[in-house]
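Residue numbers (my numbering), protein chains in the order written: chain A, 75 to 477; chain B, 75 to 477. Have a look at the structure below, then the notes.
Number of protein chains: 2
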Amino acid sequence: MATQLDERLEKYAELAVKVGANLQPGQDLFITAIVLHAPLVRALTRAGYAAGARYVDVLYTDQHVRKAKLELGPEDAVGYSPEWLKERWRAMAGNATFGTTGDPEPDLLAGLDGQLVGRDRMTGVIEIAMKHYSEHAVNWSGLAYPNEGWAMKVFGEPNVEKLWDAVAFCTRLNEPDPVQAWTDHIAKLKARAASLNERRFDAIRYRGPGTDLTVGLLDQADWLAAEFTTASGIAYVPNMPTEEVFTTPDCRRAEGYITSTKPLALMGDVVEGLKVTFKDGKIVEVDAKHGADVVRGQLASDERAAYLGELALVDGGSKVGQTGLTFFDTLYDENATCHIAYGFAIVECIRGDPASVSKIDGVNANSTVHTDFMVGGPQLEVDGLTADGDAVPILREDVWQLS
Amino acid sequence: MATQLDERLEKYAELAVKVGANLQPGQDLFITAIVLHAPLVRALTRAGYAAGARYVDVLYTDQHVRKAKLELGPEDAVGYSPEWLKERWRAMAGNATFGTTGDPEPDLLAGLDGQLVGRDRMTGVIEIAMKHYSEHAVNWSGLAYPNEGWAMKVFGEPNVEKLWDAVAFCTRLNEPDPVQAWTDHIAKLKARAASLNERRFDAIRYRGPGTDLTVGLLDQADWLAAEFTTASGIAYVPNMPTEEVFTTPDCRRAEGYITSTKPLALMGDVVEGLKVTFKDGKIVEVDAKHGADVVRGQLASDERAAYLGELALVDGGSKVGQTGLTFFDTLYDENATCHIAYGFAIVECIRGDPASVSKIDGVNANSTVHTDFMVGGPQLEVDGLTADGDAVPILREDVWQLS
């Protein structure tokens, strides 16, 4: 007998398979998830096979195993990518994938050396994932699994039911017809992206408390929203929820400083009060109330990590923003408000042949890092700057200004 | 602060790393475990790094994912071995591995078609594991993780503490000096194996209720106990607990029938009342009160599965037997009493160059199956038959008869 909870989980998994990854019959489905997310993984597996998956391939990850490595393992083990794991990532080409979020212990590694935590990145695996992104080879999606530890972090009490309500609200699972709700939502976000693309701004300027930053835009890049399409023509929604319109900027042109407006759960620690300063496109200074070393370790692990890869705009109409919650989970928090990301570009935003992307100056196409952090809120003013130097308001007090 | 439970788990993991796998500094440690075994996996990871592991590589398995595949997946997915998984198994050569037992739901798949369950074996992966066994390439060990579901199956109540007591008793973890207790225990079992090797019996005869079976022995095979040694000289204990002396028989010479005396947890179902009949070494008939089809499916998946690979003798002095429990877990139940296995030979028992094993007639060296089932108990009479046809009692009423 299915309980009410089971039914919600099944519906959530079906929505993710249909609208999120948009799994096609005959594809393999690769699921990579935290061990504690097993109930969601099983539901996704069932939904995947029901949708015609040839094989559902599950890999569970465990931050406690990583913690043991960082505490007790040799230096060689830091950032090590086993060959078999790379082989698994290679096999994803042409197939569908899910990753899950909702860390039951987002600050498990807070007591460790931040530089070490930041450096411990499986770049061998990430490079393969980047290749897939660049080649539009995978229909992928990320979604969260509500659990006690995560609820504790969000609410200060392990109220999973309350967290499920928030997740169902943000992912439109609580709508009478979630698939239709997503169709409408995607259309609305795409219209907003189109209104930005018509203007062809030369740059975006951010101003607010602790923030005065101008970032150049690329002629070759569009603003996108909600959906990507694989090289083989499969349209999919890589984030559930998604409330943003986004582009990849000219990574050579960022001047000024910007201060985060929400905590950032990053690699097992939570970075608080992050402020970064840019010169000639590059982050030259990192400050934070907590966790600056994790960011510094991450930036140091990769030559191009300190350059911008993404600008994303979110207004106060966001369902995630409407909850008023801090989720300590980037998939959610980045969809509550404006954010930017240092590291790897969103290469899908570049028009034309994917193979030519890495040849375009100003596209940050060679970093294994992509870290979003939240910079928006009612006090942030976002302007589009025209080539002539005029400033056009885009966001004021969290309200979208363009028609 | 470590709780008492944590301390026991840490000690258990240390014992497994030192005595079980006998991990050597610089080796990789591969752990393959059910998701629900995460606490043990984490303890093994810590113990592994503390003992000098270069990298601890964890893979969690999930029978619910397998169940979804068998219920909803295509025929192609049955028995499929992903290439990356094979790559992981190849990487184990020269390294240490753990597998865990203690299935929280040993009859999860009982409602499915038994033939399908029995056929769903990752032979691509198993063939690589067999190659490692044949080449003595891996120091491996198996150990159980007490959990609620398993306790429920054993006691009819989820009394994990009671199960931990049984596990600590059987693995000698409750001894004042467990490492010394293992040293003594290994010596005693080896002496028993030596007493059998001196006699060089030509065959073993089993008689009891529902049992009358004679199995030939091989000139080239020894009886072994407790310890194996890798080609590189690492002595390790592949099973914790272990109470058996065992050999690999002449797979051409088995005549008669034998009836199991304990339930057999097999591939997600529990086989009850198994009786198998042999002719010219081969199983020609399979009967059971429940689960015969799982055995039949398994035997059908492999040309050599229906021939014997192991004979093992256990007397009433076994710690596992002393508990009086049925564990529904072969690692435990096979160490309570005499057992035999159909499928892959225990190639370690063959004297001389490992490379020559597959050339010896009568060694069942080419099956991907190895399934132990329990046949012992006070009513089983085990005799050694000499080349002259004399019968020498080995076990009577669970008491060892040889000096």
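Ideal Cβ placement from N, Cα and C applies to all residues, glycine included. Everything numeric in this text was worked out from a predicted model, so none of it was measured.
| query | In chain order, what residues of the same chain have a beta carbon less than 8 angstroms from the beta carbon of residue 90/A, not counting five sequence neighbours either side? | reply | If you number the first sequence from 1, residue 90/A lands on position 16. So the list reads 118, 121, 172, 215, 217 and 314, once near-sequence residues are dropped.
| field | Interface partners of residue 138/A on chain B, CB under 8 angstroms | value | Counting from one through the first sequence, the residue named residue 138/A turns up at place 64. Neighbours of residue 138/A in chain B, taken as residues at a C-beta separation under 8 angstroms, are given in chain order as 112, 116 and 119.
| field | Rounded C-alpha distance that separates residue 80/B from residue 107/B | value | Along the second sequence, read from residue 1 onward, the residue named residue 80/B stands at position 6. Along the second sequence, read from residue 1 onward, the residue named residue 107/B stands at position 33. Rounded to whole angstroms, the gap between the alpha carbons of residue 80/B and residue 107/B is 19 angstroms.
| task | Can you tell me which of 142/B, 472/B, 166/B and 141/B puts its alpha carbon nearest to the alpha carbon of residue 97/B? | result | The residue you call residue 97/B lines up with position 23 of the second sequence. That would be 166/B, whose Cα lies nearest to the Cα of residue 97/B.
| query | Which chain B residues sit within Cβ distance under 8 angstroms of residue 143/A? | reply | For this step, residue 143/A is matched to residue 69 along the first sequence. Correct list: 119, 123, 129 and 130.
| message | Measuring only the C-alpha atoms, how far is residue 254/B from residue 92/B? | response | Here the question's residue 254/B lines up with position 180 in the second sequence. Here the question's residue 92/B lines up with position 18 in the second sequence. If you take the alpha carbons of residue 254/B and residue 92/B, they lie about 12 angstroms apart.
| Which residues of chain B have a Cβ atom closer than 9 angstroms to the Cβ of residue 385/A, listed in chain order? | For the purposes of this step, residue 385/A is identified with residue 311 of the first sequence, where counting begins at 1. Close to residue 385/A, with beta-carbon spacing below 9 angstroms, lies no residue of chain B; the smallest spacing is near 36 angstroms.
| said: Buried or exposed for residue 75/A, going by 16 or more other Cβ atoms inside 10 Å? | reply: Residue mapping note: residue 75/A aligns to position 1 of the first sequence, counting from 1. Any reading at residue 75/A needs caution, since the residue's pLDDT is 46, under 50, leaving its predicted position unreliable; the model's value is listed next. Residue 75/A comes out exposed.
| With 8 angstroms set as the bound, which would you pick, yes or no: does the beta-carbon of residue 165/A sit closer than that to a beta-carbon of chain B? | In the first sequence, counting from the first residue as 1, residue 165/A sits at position 91. Interface criterion met: the Cβ of residue 165/A is under 8 angstroms from a Cβ in chain B.
| query | To the nearest angstrom, how far is it from the Cα of residue 205/B to the Cα of residue 298/B? | reply | For the purposes of this step, residue 205/B is taken as residue 131 along the second sequence, with counting starting at 1. For the purposes of this step, residue 298/B is taken as residue 224 along the second sequence, with counting starting at 1. The straight-line gap from Cα to Cα measures roughly 20 angstroms.
| task | Could you check the C-alpha separation between residue 462/A and residue 424/A for me, to the nearest Å? | result | Numbered from its first residue, the first sequence carries residue 462/A at position 388. Numbered from its first residue, the first sequence carries residue 424/A at position 350. When rounded, the distance between both Cα atoms is 23 angstroms.
| task | Helix, strand or coil for residue 352/A, going by three-state DSSP, please let me know. | result | Locating residue 352/A in the first sequence gives position 278, counting from the first residue. Secondary structure at residue 352/A: strand, using DSSP grouped into helix, strand and coil.
| message | Does the CB of residue 162/B have a neighbour CB from chain A at under 8 angstroms? | response | Position 88 of the second sequence holds residue 162/B. At least one chain A Cβ lies under 8 angstroms of residue 162/B.
| Is any beta-carbon of chain B found at less than 8 angstroms from that of residue 134/A? | Taking the first residue of the first sequence as position 1, residue 134/A is located at position 60. It does: the Cβ of residue 134/A has a partner Cβ on chain B nearer than 8 angstroms.
| request: Could you say which of 220/A, 139/A and 363/A lies nearest to residue 174/A if we only look at CA atoms? | output: Position 100 of the first sequence, counting from 1, holds the residue named residue 174/A. When 220/A, 139/A and 363/A are compared, the shortest CA-CA separation from residue 174/A is found for 220/A.
| field | chain A within 8 angstroms of residue 90/B, Cβ atoms only | value | For the purposes of this step, residue 90/B is taken as residue 16 along the second sequence, with counting starting at 1. False, the Cβ-Cβ gap to chain A never drops below 8 angstroms.
| task | Please state whether DSSP places residue 384/A in a helix, a strand or coil. | result | Here residue 384/A is taken as the residue at index 310 of the first sequence, counted from 1. Annotated three-state conformation of residue 384/A is strand, per DSSP.
| said: Is the separation between the beta-carbon of residue 155/A and that of residue 199/A shorter than 8 angstroms? | reply: Locating residue 155/A in the first sequence gives position 81, where the first residue counts as 1. Locating residue 199/A in the first sequence gives position 125, where the first residue counts as 1. Going by C-beta atoms, residue 155/A is nearer than 8 angstroms to residue 199/A.
| query | In whole angstroms, what separates the C-alpha of residue 187/A from that of residue 367/A? | reply | Mapped onto the first sequence, residue 187/A falls at position 113. Mapped onto the first sequence, residue 367/A falls at position 293. Computed Cα separation, rounded: 8 angstroms.
| field | In DSSP terms, what residue 215/B is bridged to | value | On the second sequence, position 141 is the one that residue 215/B refers to. DSSP lists 172/B as partners of residue 215/B.
| query | Nearest to residue 429/B by alpha carbon, out of 348/B, 289/B, 210/B and 444/B? | reply | The count along the second sequence starts at 1 and reaches residue 429/B at position 355. Per the C-alpha coordinates, the member of 348/B, 289/B, 210/B and 444/B positioned closest to residue 429/B is 210/B.
| query | Just to confirm, are residue 378/B and residue 354/B a CB contact at a threshold of 8 angstroms? | reply | Working through the second sequence from its first residue, we reach residue 378/B at position 304. Working through the second sequence from its first residue, we reach residue 354/B at position 280. Against a cut-off of 8 angstroms, the Cβ pair of residue 354/B and residue 378/B comes out as no contact.
| field | Within-8 angstroms CB hit, residue 474/A to chain B | value | Translated into positions along the first sequence, residue 474/A becomes position 400. Chain B contact via Cβ: absent.
| Helix, strand or coil: which one does DSSP assign to residue 364/A? | Taking the first residue of the first sequence as position 1, residue 364/A is located at position 290. If DSSP states are grouped into helix, strand and coil, residue 364/A belongs with the strands.
| query | Residues in its own chain within less than 6 angstroms of residue 195/B by CB, not counting five upstream and five downstream? | reply | For this step, residue 195/B is matched to residue 121 along the second sequence. Contacts found: 153 and 375.
| said: Can you look up residue 75/A in the DSSP assignment and give me helix, strand or coil? | reply: If you number the first sequence from 1, residue 75/A lands on position 1. Annotation note: pLDDT 46 at residue 75/A (below 50); position unreliable, no value reported.
| task | Mind reading off the beta-carbon distance from residue 223/A to residue 178/A? Whole number of angstroms is fine, and I expect it under 8 angstroms. | result | Looking up residue 223/A in the first sequence gives position 149. Looking up residue 178/A in the first sequence gives position 104. Going by Cβ atoms, the distance from residue 223/A to residue 178/A rounds to 3 angstroms, so yes, they are a contact pair.
| residue 274/A: buried (16+ other C-beta within 10 angstroms of its C-beta) or exposed? | In the first sequence, counting from the first residue as 1, residue 274/A sits at position 200. Here residue 274/A is exposed. Its C-beta has fewer than 16 other C-beta atoms within 10 Å.
| chain B contacts from the region 147–161 of chain A (Cβ-Cβ distance under 9 angstroms) | Listed in sequence order: 147, 148, 150, 151, 154, 156, 157, 158, 159, 160 and 161.
| task | Count the other CB atoms, across all protein chains shown, that sit within 10 Å of the CB of residue 417/B; report buried if there are 16 or more and exposed otherwise. | result | The residue you call residue 417/B lines up with position 343 of the second sequence. So residue 417/B ends up on the buried side.
| task | Would you verify that the beta carbon of residue 109/B is, or is not, closer than 8 angstroms to some beta carbon of chain A? | result | Taking the second sequence and counting its residues from 1, one reaches residue 109/B at position 35. Under the Cβ distance rule, residue 109/B counts among the residues neighbouring chain A, one pair being separated by less than 8 angstroms.
| Every unbroken beta strand (DSSP E) inside the region 304–340 of chain A [3 residues or more] | Runs found: 319–321, 328–333 and 338–340.
| request: Counting only the same chain and skipping the five closest in sequence on each side, list residues whose C-beta sits under 6 angstroms from that of residue 234/B. | output: Counted from its first residue, the second sequence places residue 234/B at position 160. Here the set comprises 220, 222 and 225.
| query | What separation, rounded to the nearest whole angstrom, lies between the Cα atoms of residue 176/B and residue 289/A? | reply | Within the second sequence, numbered from 1, the residue matching residue 176/B stands at position 102. Within the first sequence, numbered from 1, the residue matching residue 289/A stands at position 215. A direct Cα-to-Cα measurement between residue 176/B and residue 289/A gives close to 57 angstroms.
| Who are the Cβ neighbours of residue 133/B in its own chain at under 6 angstroms, not counting the five residues just before and after it? | By 1-based counting over the second sequence, the position of residue 133/B is 59. Once the five neighbours on either side are set aside, the close Cβ partners of residue 133/B are 106.
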